[in-house]
Every structure is written in structure tokens, then in C-alpha cells.
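Chains as they are written, first to last, in the working numbering: chain A, -8 to 142; chain B, -8 to 142; chain C, -8 to 142; chain D, -8 to 142. We put the beta carbon where it would ideally sit given N, CA and C, even for glycine. Below is one structure, written out as C-alpha cells; comments come after it.
There are 4 protein chains.
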Amino acid sequence: MSTISRDLNVYGFSTEIRVRLSETDAVGIVFFGSFAVYFDVGRMDYLAHLGLHRFDGAIRDLIPGAVVAQEGCFHSPARYNDILVMHTRIAHIGNSSYTFHFMATNKRSRELVATGKLTLCWLDEDFSPVRIPEAFREVVRKFEGPLLTTA
Amino acid sequence: MSTISRDLNVYGFSTEIRVRLSETDAVGIVFFGSFAVYFDVGRMDYLAHLGLHRFDGAIRDLIPGAVVAQEGCFHSPARYNDILVMHTRIAHIGNSSYTFHFMATNKRSRELVATGKLTLCWLDEDFSPVRIPEAFREVVRKFEGPLLTTA
Amino acid sequence: MSTISRDLNVYGFSTEIRVRLSETDAVGIVFFGSFAVYFDVGRMDYLAHLGLHRFDGAIRDLIPGAVVAQEGCFHSPARYNDILVMHTRIAHIGNSSYTFHFMATNKRSRELVATGKLTLCWLDEDFSPVRIPEAFREVVRKFEGPLLTTA
Amino acid sequence: MSTISRDLNVYGFSTEIRVRLSETDAVGIVFFGSFAVYFDVGRMDYLAHLGLHRFDGAIRDLIPGAVVAQEGCFHSPARYNDILVMHTRIAHIGNSSYTFHFMATNKRSRELVATGKLTLCWLDEDFSPVRIPEAFREVVRKFEGPLLTTA
């Protein structure tokens, strides 16, 4: 799978996250694990923006996309009350899995703060991978355009 | 309801919690909200100790005890890697609700760190309060002895 | 100290919080401890709104307001992706401590979700309580009007 | 850097983590982001076990090891009250960075739950990378033996 782009033009969606005190740690900066939550906010807001969270809605009964892999790189520290712009895209749709890419920048300083990936797998009720529905693919394909790789 | 006792003799159960980096904040000490989690660990470990977590087991289907109120007082700061001793008791069983009391001390310095309360309400599947089962009452009564107040 | 008002007119400030997946638990609703974080977001946003977060700024060196007590009551469950309106006020300023009141409502259903309190104590560098500065009092007094009680 | 081994013999250290309710989410399983915290507990306990947390002690003044990259793969779901065995090793020490590998198994079922990596960079007070001290290298080299790769 491709590396995470740092070209803003590649990201069609962004959402803002203000750092909470609870997300920092005694080192004085944002705890690295808080970025897993931030990436997830990017994911949730992206899906809602495209009207795709109905696919994500039946939290309990059906699990349409479970996170199977996650990566983060932390380039510069973020601090209490910083505003992070979480640039979000779906970079790849495979057969039963798809991958988000994230680039978080500091809204005031414009510095690169973090990059990351989330890979989700579409599951049926028995937790077996199934092919991602055509309707989901179609919406993402339209939004992401030719940069989206598929399989 | 009675105030939270600081007499160790009153607490029949304790459990240890080591402070994780993620639970501290940029002030350099444990974030006050982390104590809500610590109190919940005290609750979970107490119930397991008395074999009562079967009542707490069917997480999804039946909700036997939902937290309806929580209190915390923070007496001295806790820090990364500190070991907290969470002294835990059930102080009161009412008709459909019951109340935990907590006193957290620092294992090394023996200082009082925090006190707290959790009140839980026994609910049926429609989220309506129901009387706490006799079996639960009996086990708690035996363990807590005459200090337990009931209604 | 007074009870927490449920009259919207009493609250001069509100801020919106969308429930993240990480803030829910296996019961299927928001974990009660997440409200400690939500109350803290209310506090932070209130202080920033009044330009008072410079008092809150020197996170490490001076601790102008440490949380010494916290309360929460949970009236109805909140769920993933719900939007909570966190109505926030300072209800009382004492000599060295002051108290926030919170009322969280569900933006879509308008249901009451939770009420809460945070009491903060103004500390000097040796963690000793000091009188809250006049400048802070003045700004809060102007904003809260005659409903603010003082000591 | 090498892939994460699933051979238990490779891991010289393990620590147990019981899943807290706050670490699960509305899907009914552990939130993927909680594993960032679990990996950090593995790291902290490993360093304490080798007496290396003095290097990690001066939380505020000196930052000897900041997390610069993190990876996780989630193989099977973990649930409330599960006990995870976090097998932990340092797999690689470079010039200024070093890498932990983790393998989390379910203590009761022995199933593989997650694998992960944390890469830390040794920094001086100006946040510039510096060579990892010989004393730290020596202790890790002794403990990890010939499996440790260095640069």
C-alpha cells in the first residue's frame, strides 16, 4: 500500500479537533495514544460527510467495518488547546478491506503534527470478511476520484 | 447518605492501580477524570471478589447496574507510576440503587489521594428501575456486615 | 452550595460535544467517566470564551485552578455520534475556590443527559490555596450577573 | 525493521492487563485505540523490570524517549474483563531510536489478540535526537541477547 501523502491537495476532507487537557500527558504534550482517537474522529466525520455512516450505524448488530490495523507517525508535539486539522481520505478500497490516510497539521503554526493509517475490514455477523458493498464503493470512488486505488 | 469514611477498618476490600502515563495530563499529575476510571476498577474488582460479576456479566442484554451518580474529592495529587490503593466498600443498598464508597491512598507515601462515590441503579431491559435481587443483597450484607445501611 | 439548575436561562454559555466511539463502552452507551472529560471541555471553552484562559495557560509553572471536587448525575444515556450541548456557568466564587455548574442536553432529542459540578482551587507554586485574583472575579461577575454567589 | 514475531520464546518479558469497561466501546469489544495504552503499559513495565525507568523518570525536564511511531494489528477482539498478556521486547536499538515489539494474547483462550510496535527517539532538552546512552544499551543487550539488532 502506498505511503501517506503530505500533499494537501490529495485530501478532500478535513475536520478540526481541539486538544483537551485529558489527552495530554505528564510529558506536557499530547499522549501518542490520543492520536488513535483523533484518527477515529477523522474517520467518523469523513463517513458522516459522505452520508456513509448509515453503513456504520448498526453498532451492535452488524459490524461493517472493524479496525484491523493502525499506524501513526508523530512529527512534532501537539499541546493543550492546540487546534489540529485532521486531513482525511480513503486511499484504497480492496475486496473486503479499505484504508484511511490521515495528516494532522497544527492550525496556528501550520506544522505537520502526525500522519496515520487505519485499515478496516468489512465483516458479516459471524465476523467473517465479506466484499465491501458496491454502494459504499461508488460513493467513495466519486469523492476520491482517480487517486483512489482499488482491487 | 453518609459521608465517605477515611477509616481503613471500614473498607473490607482494596485493589491496586498503577498510574499510567495516559492517565496524567500536562499539569504533570493524574487528570481528575481518570479517577472515574479508577473508581470503576474498584467497583469491578470488588464485584469479582465477591463473585457478583455474573450479575454484571450480560453487558449488552440486561443492564443490572447503571451508574446514575458519581462524586470525587481530590485531596493530594497522584503522579505517573504511583501505586494507588483503592479501598472499596458498598456503603448502602436501597430498593433499586446501591452506593459504593472509595478511598484511594498512595501506597508509598500513605497519603490520602482521593475519595469518591458511585451510585448504581438496577434496571430491567426497558431501563426501568427494579428491586435489587435478594441474592445480591445477601452476599453484600454478609461481606459488609453491620456497617451496611439498607432500605 | 446550591443545587444545579435545570433552567436554561441560567446558563450564559454552551458548547457542543459530539460523542466519539472511544467514549462509549460495551454497555452501548457513553461511559459515565467520559462526562468528567465533557465537563472539562465545558470549563475550557467557557474560560476561553471569556478570555480567561491566560489564567489557565501556564500549565506547568503555576497552577491557578486545580480541580478539587467533581460531581455528576446521569439522567439519560447518550450514544455514539450524539451531539451534547454542554451548558456551563460559574455559579459561585469563594475566597480561593470557585465552582462550575453543567447541564448537558441531547441536541436532537432535547432530553436532559447529565448535570455536574467542578470545584477548582486557586493555588500558588507551593500548592497552597491563595485568594482568586480580582481581575478573574471581575470578568466572571460581569458575565454571570446577579446569579453568581460570592464569598 | 523486522516483522513482529509471534514466537513466545522471543519475548523475555510479559505483563498482564485486565480490560476495563472504559476501554471497550459500543461495538462491544475493546476500542482499537486502547491498545496504544496497553502497549505503553508493556513499555513502562518492561523498563521498570530492567531498572531502566530512572532513564524515563525526569518526565518534565528531559525527554529521554519520545514515541515517534506506533503500529498495531488487531487479530481477534478482546472484551470487558479479559486478561491480556502483553509480551514485550526491545527488538532493535539504533543510534538515537529504539523499537519495542508487542504480542498480546488472551490469557484464558490463549488466542492472539494484537501485535504492535513502538519506536522511541532519545531527545535532549531541545528536542534534538541524541545517541542512546551506553548504559541503556548495555542493560537491554544483556536482557535481549543475540536477537537484539543494533546499529
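What does residue i touch in chain C if you count any residue whose Cβ is under 8 Å from its own?
{"i": "A/L12", "result": "D31 and M35"}
{"i": "D/F22", "result": "L12 and S13"}
Can you tell which of the options has the C-alpha that lies nearest to the C-alpha of residue i?
{"i": "C/A105", "options": "C/R128, C/F30, C/I84 and C/L111", "result": "C/F30"}
{"i": "C/E125", "options": "C/L138, C/A142 and C/P137", "result": "C/A142"}
{"i": "C/L(-1)", "options": "C/P137, C/L103 and C/T140", "result": "C/L103"}
{"i": "C/I81", "options": "C/D115, C/T96, C/G107 and C/E135", "result": "C/E135"}
{"i": "C/R99", "options": "C/E7, C/Y2 and C/V1", "result": "C/E7"}
{"i": "D/D115", "options": "D/S88, D/S25 and D/L139", "result": "D/S88"}
{"i": "C/F4", "options": "C/I84, C/M77, C/T(-6) and C/H44", "result": "C/M77"}
{"i": "B/V1", "options": "B/F127, B/C112 and B/F93", "result": "B/F93"}
{"i": "A/P137", "options": "A/M35, A/V32, A/H83 and A/T(-6)", "result": "A/H83"}
{"i": "D/W113", "options": "D/L139, D/N86, D/G42 and D/V18", "result": "D/N86"}
{"i": "A/L111", "options": "A/M35, A/T(-6), A/H40 and A/V18", "result": "A/M35"}
{"i": "A/F127", "options": "A/T140, A/L43 and A/T(-6)", "result": "A/L43"}
{"i": "D/A39", "options": "B/F26, B/R9, B/I(-5) and B/V18", "result": "B/R9"}
Give the DSSP-derived three-state secondary structure of residue i in the structure shown.
{"i": "B/N0", "result": "helix"}
{"i": "D/A49", "result": "With a pLDDT of only 44 at D/A49, under the threshold of 50, the placement of this residue in the model should not be trusted, and no figure is reported."}
{"i": "B/R122", "result": "coil"}
{"i": "C/V32", "result": "helix"}
{"i": "C/V18", "result": "coil"}
{"i": "D/R62", "result": "The residue asked about is misnamed: residue 62 of chain D is Glu in this sequence, not Arg. Looking at D/E62 - three-state DSSP - the assignment turns out to be strand."}
{"i": "D/L38", "result": "helix"}
{"i": "A/D73", "result": "coil"}
{"i": "A/E102", "result": "coil"}
{"i": "D/A27", "result": "helix"}
{"i": "B/L12", "result": "helix"}
{"i": "C/G143", "result": "Residue 143 of chain C lies beyond the range of chain C shown here (-8 to 142); nothing can be said about it."}
{"i": "C/E116", "result": "coil"}
{"i": "B/T(-6)", "result": "coil"}
Give a yes or no on whether the C-beta atoms belonging to residue i and residue j are separated by under 8 Å.
{"i": "A/R(-3)", "j": "C/V28", "result": "no"}
{"i": "C/F91", "j": "C/L75", "result": "no"}
{"i": "C/S13", "j": "D/F22", "result": "yes"}
{"i": "D/R70", "j": "D/I20", "result": "yes"}
{"i": "B/T15", "j": "A/D73", "result": "no"}
{"i": "B/G24", "j": "C/G24", "result": "yes"}
{"i": "B/T96", "j": "B/G33", "result": "no"}
In chain D, what lies closer than 8 Å to residue i by C-beta?
{"i": "C/G19", "result": "A17 and G19"}
Starting from the beta carbon of residue i, find every residue of chain A whose beta carbon is closer than 9 Å, and list them in chain order.
{"i": "C/V28", "result": "R11, L12, S13 and E14"}
Under 7 Å Cβ-Cβ, which residues of chain B neighbour residue i?
{"i": "A/Y71", "result": "A17"}
Report the neighbours of residue i on chain C: residues whose CB is nearer than 9 Å to its CB, in chain order.
{"i": "B/F65", "result": "A57, V58, V59, A60 and Q61"}
Three or more C-beta pairs under 8 Å: does that hold for the segment 114 to 125 of chain C against the segment 131 to 138 of chain B? Two segments are said to touch when three or more pairs of C-beta atoms, one from each, lie closer than 8 Å; by this definition the segment 114 to 125 of chain C does not touch the segment 131 to 138 of chain B.
Could you tell me whether the segment 56 to 63 of chain B touches the segment 58 to 74 of chain C, where touching means 3 or more Cβ pairs closer than 8 Å? Look at the beta carbons and you see the segment 56 to 63 of chain B touching the segment 58 to 74 of chain C: at least three pairs across the two are nearer than 8 Å.
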